[in-house]
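A.B. asks: After the structure tokens below, expect a handful of questions from me.
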Ligand SMILES: Nc1ncnc2c1ncn2[C@@H]1O[C@H](COP(=O)(O)OP(=O)(O)OP(=O)(O)O)[C@@H](O)[C@H]1O
Ligand SMILES: [Mg+2]
């Protein structure tokens with residue numbers, strides 16, 4: 083009996099196929115897997131080490147950038163470089179006298195007082211101050227207060243001064259060295275807390291600047307009327323600082339404000355006694371007519387508009403350029419006249435009943451500047467203050483201790499309303 087033919091071998095299971103290929107494949111796969119896992123471990127370790135190195139480096143960097151020396155050095159550099167002033171506007175009226183006066187204020191030969199620059203709303207104070215700085219801003223930091231809340235005023239000012247609160251390490255020792263207890267600062271409310279911190283650093287930097295350059299740096303704060311509007315306390319704190327800085331000949335502080343309602347606030351501060359008040363006034367009628375001609379107003383309208391409405395007040399001249407395109411000088415004057423009449427009626431009631439001393443004072447004011455004492459005596463302090471208020475704008479104060487009527491159109495309106503031509 084022959085042995086049965088062997089049955090065909092069953093098909094090999096796939097995992098038993100081609101053992102040589104499997105071996106090679108498994109070897110390569112294993113090697114790749116091993117390489118990947120090794121790389122992964124290496125990367126994880128490298129990342130871990132790198133993180134540590136970076137952390138250490140950051141700590142060192144932080145210590146460097148957050149040290150008081152570095153923060154103060156940045157402020158010093160800001161003073162040394164000076165603020166960047168934008169270029170002239172297109173229709174620029176040169177005011178050499180005002181600019182020369184302001185340049186003297188910005189770089190006083192001898193620092194005795196701080197300065198308050200005043201001038202009616204829109205008379206060109208900001209422009210003139212910038213003109214005075216533009217030629218050479220070295221040593222001058224210019225800051226303008228915006229519409230921010232008073233609580234943000236020191237923070238914005240700090241921005242202009244390149245001072246970073248959060249990067250400065252204030253310690254109890256730092257305050258003690260400056261005669262202040264830590265708790266006095268920590269318990270203070272904003273914005274006074276920030277102001278104290280900023281002002282202390284400002285003093286240090288001012289001292290550094292003076293030692294290095296042999297003369298004090300200058301800090302200009304424009305539009306301080308914005309601070310006063312929200313309450314005078316912060317403005318008074320700034321004035322106290324300005325006075326102390328002048329007393330110690332440390333820093334030349336220049337505050338710019340429109341007068342009127344704001345000046346009594348400034349005056350209410352005892353630090354005002356140390357202030358030197360200078361004025362930026364209107365441009366001349368001739369310059370004003372020239373300005374309107376350059377802005378495309380015809381000669382006849384320009385002359386009349388200056389003589390009867392605007393005088394040399396920039397803010398009025400600018401609005402005339404626009405309004406004269408579709409209104410006559412009479413129509414524009416009438417609008418102002420109605421405004422002045424309304425303001426006076428709200429203050430006095432029937433204008434025919436105004437007492438003779440008051441009306442004759444007004445009529446004298448229509449003819450020109452009057453000494454502050456004469457006006458305050460005739461009108462009383464209360465009424466004088468109301469007439470100065472920027473929402474009424476009847477009177478204007480001048481640092482040569484005189485009052486005038488606020489503007490050309492007010493002068494003409496008051497003269498007409500009180501029949502001044504007859505008195
Ligand atoms: N010298 C000048 N030449 C041309 N335009 C000027 C000049 N001075 C001021 N102006 C223009 O008059 C307007 C008011 O000027 P500016 O803002 O300087 O006045 P201001 O007195 O600072 O006003 P405010 O009281 O509102 O602070 C601006 O539109 C400005 O461009
Ligand atoms: Mg201004």
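In our numbering, the protein residues as written are 83 to 505. Idealized CB from N, CA, C, for every residue including glycine.
Going by DSSP, which residues form a beta bridge with residue 334?
C.D. replies: Sequence index remark: in the chain shown, residue 334 carries index 252 (1-based). Answer is 300.
A.B. asks: Ends of the beta strand (DSSP E) at residue 173?
C.D. replies: If you number the chain shown from 1, residue 173 lands on position 91. No beta strand (DSSP E) contains residue 173, which DSSP labels as neither H nor E.
A.B. asks: Could you give the distance in angstroms between the alpha-carbon of residue 490 and the alpha-carbon of residue 419?
C.D. replies: Counting from 1 along the chain shown, the entry for residue 490 is found at position 408. Counting from 1 along the chain shown, the entry for residue 419 is found at position 337. Approximately 11 Å between the Cα atoms of the pair.
A.B. asks: Of all the options 197, 211, 288, 165, which has the alpha carbon lying nearest to the alpha carbon of residue 299?
C.D. replies: One-based indexing of the chain shown puts residue 299 at position 217. Answer by Cα proximity: 288.
A.B. asks: Name, in chain order, the residues that DSSP records as bridge partners for residue 226.
C.D. replies: The residue you call residue 226 lines up with position 144 of the chain shown. Its beta-bridge partners are 304.
A.B. asks: For residue 413, count the other beta carbons within 10 Å of its own beta carbon; 16 or more makes it buried, fewer makes it exposed. Which is it?
C.D. replies: As a first step, residue 413 must be located in the chain shown, where it is residue number 331. Exposed: under 16 other Cβ atoms inside 10 Å.
A.B. asks: List the whole-angstrom C-beta distance separating residue 395 from residue 364, where the pair is believed to meet the contact cut-off of C-beta under 8 Å.
C.D. replies: Mapped onto the chain shown, residue 395 falls at position 313. Mapped onto the chain shown, residue 364 falls at position 282. Sure, about 5 Å apart at Cβ, within 8 Å.
A.B. asks: Round the Cβ separation of residue 451 and residue 486 to the nearest angstrom and send it over; I've been treating them as touching at under 8 Å.
C.D. replies: Residue numbering aside, residue 451 sits at position 369 when the chain shown is read from its first letter. Residue numbering aside, residue 486 sits at position 404 when the chain shown is read from its first letter. Correct: roughly 5 Å between the Cβ atoms.
A.B. asks: Within this structure, are the beta carbons of residue 74 and residue 397 separated by less than 8 Å?
C.D. replies: Because the chain here runs from 83 to 505, residue 74 falls outside it and cannot be looked at.
A.B. asks: Taking DSSP as the reference, what is the three-state secondary structure of residue 487?
C.D. replies: By one-based count along the chain shown, residue 487 stands at place 405. Strand.
A.B. asks: Between residue 290 and residue 334, what straight-line distance do the alpha-carbon atoms span, to the nearest angstrom?
C.D. replies: On the chain shown, position 208 is the one that residue 290 refers to. On the chain shown, position 252 is the one that residue 334 refers to. If you take the alpha carbons of residue 290 and residue 334, they lie about 14 Å apart.
A.B. asks: Can you check whether the CB of residue 361 is closer than 8 Å to the CB of residue 186?
C.D. replies: The residue given as residue 186 occupies position 104 in the chain shown. The residue given as residue 361 occupies position 279 in the chain shown. No.
A.B. asks: Under the three-state reduction of DSSP, which class applies to residue 496: helix, strand or coil?
C.D. replies: Position 414 of the chain shown holds residue 496. In this structure, residue 496 counts as helix in the three-state DSSP scheme.
A.B. asks: Please list the terminal residues of the continuous beta strand (DSSP E) segment that includes residue 200.
C.D. replies: Here residue 200 refers to the residue found at position 118 when the chain shown is read from its first residue. Residue 200 -> beta strand (DSSP E) spans 196 to 200.
A.B. asks: Start and end of the alpha helix (DSSP H) containing residue 231?
C.D. replies: As a working note, residue 231 is residue 149 in the chain shown. From DSSP, residue 231 is part of no alpha helix (DSSP H); its letter is neither H nor E.
A.B. asks: Go through the residues and name those whose CB comes closer than 6 Å to any heavy atom of ligand 1, in chain order.
C.D. replies: Taken from the N-terminal end onward, the list reads 171, 173, 174, 175, 177, 201, 203, 204, 205, 206, 207, 208, 209, 305, 340, 396, 397, 400.
A.B. asks: Can you find at least 3 beta carbon pairs, one from the region 315 to 327 and one from the region 270 to 285, that sit closer than 8 Å?
C.D. replies: The region 315 to 327, when compared against the region 270 to 285, does touch it at the 8 Å Cβ threshold.
A.B. asks: Skipping 5 residues on each side, what residues in its chain have a beta carbon closer than 8 Å to that of residue 238?
C.D. replies: Position 156 of the chain shown holds residue 238. Contacts found: 225, 227, 228, 230.
A.B. asks: For residue 375, which residues from the same chain have a beta carbon less than 7 Å from its beta carbon, with the 5 sequence-adjacent residues on both sides left out?
C.D. replies: Within the chain shown, residue 375 is the residue found at index 293, counting from 1. Excluding sequence neighbours, residue 375 sits near 381, 384.
A.B. asks: Within a Cβ cutoff of 7 Å, which residues of the same chain sit near residue 423, ignoring the five residues on either side of it in sequence?
C.D. replies: Locating residue 423 in the chain shown gives position 341, counting from the first residue. So the list reads 495, 499, once near-sequence residues are dropped.
A.B. asks: Could you tell me the alpha carbon to alpha carbon distance between residue 474 and residue 192, rounded to whole angstroms?
C.D. replies: In the chain shown, residue 474 corresponds to position 392, counting from 1. In the chain shown, residue 192 corresponds to position 110, counting from 1. Going from the Cα of residue 474 to the Cα of residue 192 covers about 39 Å.
A.B. asks: Please tell me whether residue 304 and residue 440 are closer than 8 Å, where the distance is taken between their beta carbons.
C.D. replies: For the purposes of this step, residue 304 is identified with residue 222 of the chain shown, where counting begins at 1. For the purposes of this step, residue 440 is identified with residue 358 of the chain shown, where counting begins at 1. No, these two residues do not count as a Cβ contact at 8 Å.
A.B. asks: Counting pairs of Cβ atoms below 8 Å between the region 255 to 263 and the region 323 to 332, do you hit three or more?
C.D. replies: Contact between the region 255 to 263 and the region 323 to 332 is absent, because fewer than three Cβ pairs lie under 8 Å.
A.B. asks: Flag this pair as yes or no: are the beta carbons of residue 454 and residue 443 separated by less than 8 Å?
C.D. replies: Here the question's residue 454 lines up with position 372 in the chain shown. Here the question's residue 443 lines up with position 361 in the chain shown. Taking 8 Å as the Cβ cut-off, residue 454 and residue 443 do not qualify as a contacting pair.
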